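Numbering (my numbering), first residue to last: 13 to 73.
What follows is the structure, given as structure tokens:
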């Protein structure tokens with residue numbers, strides 16, 4: 013890992029790109045707890061899971 017960091021430090025464009033990715037990942041990670049799924053979506057997902065189970069039950073040998 014140390015070698016990778018040394019190589020990155022010698023290439024400013026790559027270092028800037030990685031830092032940008034780190035910022036975006038941090039923003040997304042911090043947004044996860046605030047993600048709110050409404051009840052309609054939960055019901056839709058449940059129905060899809062039930063349909064998948066039924067379909068899998070019919071197609072398995």
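Just so you know, even glycine gets a beta-carbon here, dropped at the ideal spot from N, CA and C. For clarity, every value in this text was computed on a predicted model and none was experimentally measured.
Extent of the continuous alpha helix (DSSP H) to which residue i belongs
{"i": "residue 27", "result": "24 to 43"}
{"i": "residue 50", "result": "Unbroken run through residue 50: none, as it is neither H nor E."}
Rounded distance between the beta-carbons of residue j and residue i, thought under 8 Å
{"i": "residue 20", "j": "residue 27", "result": "5 Å"}
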